[in-house]
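Participant: With full-length UniProt numbering, letter number 45 in the sequence shown gets 45, and the count goes up by one each step, no holes.
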Amino acid sequence: AGLLVMDEVLDACNSGMLDTRELVDFLKNRPKDMEVVLTGRNPAPELVEMADYVTQMTKKKHPFDRGIGAREGIEM
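1. State the start and end residues of the unbroken alpha helix (DSSP H) segment that holds L38.
2. So, helix, strand or coil for L18, using DSSP?
3. Quick check on M6: does DSSP put it in helix, strand or coil?
4. So, using beta-carbon positions, are A12 and L4 closer together than 7 Å?
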């Protein structure tokens, strides 16, 4: 079934736009051959428990540091 990237979905859950239980249910019932990547901050404990990988990124350098604002398709 391929790869599904759910960009900033964790922030959608944290803000209440998406119920974490709905995301958990989707993940439990997805096709077994579907890889899913969730991005965002502060994942719910149940999502961390379900995950095969959990990565925490730390900024070393970013265009914001040079006064470059958010760019469509990159930061937003």
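All C-beta atoms, glycine included, are put in the ideal place defined by N, C-alpha and C.
Facilitator: The short version:
1. Here L38 belongs to no alpha helix (DSSP H); instead the beta strand (DSSP E) covers M34 to L38.
2. coil
3. strand
4. no
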